[in-house]
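Take any residue in the sequence shown, note its place counting from 1, add 68, and you have its number in this note's numbering.
Just so it is clear, CB atoms sit at the ideal spot from N, CA and C, and this is done for glycine as well.
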Amino acid sequence: MIKTGLFDNNHLSSLKKAVGVYGKRHQVTAQNISNVQTSGYRTQKLNFEDMINGSNHRLQGQKTHEGHLSLGKRDIGSAQEELVESKSNYDNGVNNVDIDHEMTELATTDLSYRLATRLLSMKYSGLKKAITGRVA
69 MIKTGLFDNN
79 HLSSLKKAVG
89 VYGKRHQVTA
99 QNISNVQTSG
109 YRTQKLNFED
119 MINGSNHRLQ
129 GQKTHEGHLS
139 LGKRDIGSAQ
149 EELVESKSNY
159 DNGVNNVDID
169 HEMTELATTD
179 LSYRLATRLL
189 SMKYSGLKKA
199 ITGRVA
């Protein structure tokens, strides 16, 4: 079985996971923006990259049986995002929503989402070309 190159499934699952996380992050940021004047509202954020980055440098155990638990490093597909309350000390007079920060977060998330969808589209386009035998 081919495990590298064009048929490597790891890139596809990573890109699919990224698209889903960026979509959820967009929703959370939009909710923060829409509650900018809601008294007592606390901003939320979606943690994901921290969970991935923390597990990249650990060793991974080898499973000798499908019933064994995974040990060590996790792949991006098995990592779960976490919705947490932001620890921001910002005060806009009504709540802790910093509209400038939230708009920057929205733009950053949009760019990341567009990049991930473009890369995913290119990956599927390359697979389609390989299957149909087209070069151009």
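- [ ] Could you tell me whether the segment 92-112 touches the segment 150-166, using the rule of 3 or more Cβ pairs below 8 angstroms?
- [x] yes
- [ ] Answer yes or no: do L80 and K196 have a C-beta to C-beta separation smaller than 8 angstroms?
- [x] Numbered from its first residue, the sequence shown carries residue 80 at position 12. Numbered from its first residue, the sequence shown carries residue 196 at position 128. Against a cut-off of 8 angstroms, the Cβ pair of K196 and L80 comes out as no contact.
Open item on the list: I need the DSSP call for K84, collapsed to helix, strand or coil.
Closed with: For the purposes of this step, residue 84 is identified with residue 16 of the sequence shown, where counting begins at 1. Note: K84 maps to helix in three-state DSSP.
Task: Through-space distance from G201 to S123, alpha-carbon basis - done: If you number the sequence shown from 1, residue 123 lands on position 55. If you number the sequence shown from 1, residue 201 lands on position 133. The pLDDT assigned to S123 is 49, lower than 50, so where the model puts this residue is not dependable; a value taken from the coordinates is nonetheless given after this. If you take the alpha carbons of S123 and G201, they lie about 39 angstroms apart.
Open item on the list: Buried or exposed for K85, going by 16 or more other Cβ atoms inside 10 Å?
Closed with: Here residue 85 corresponds to residue number 17 of the sequence shown, with the count starting at 1. Per the 10 Å Cβ criterion, buried.
Open item on the list: I need the boundaries of the alpha helix (DSSP H) containing E173, first residue and last residue.
Closed with: Within the sequence shown, residue 173 is the residue found at index 105, counting from 1. Where E173 is concerned, the enclosing alpha helix (DSSP H) stretches over I167 to T200.
- [ ] List the endpoints of the continuous beta strand (DSSP E) containing N115.
- [x] In the sequence shown, counting from the first residue as 1, residue 115 sits at position 47. From DSSP, the beta strand (DSSP E) with N115 extends over Q112 to N115.
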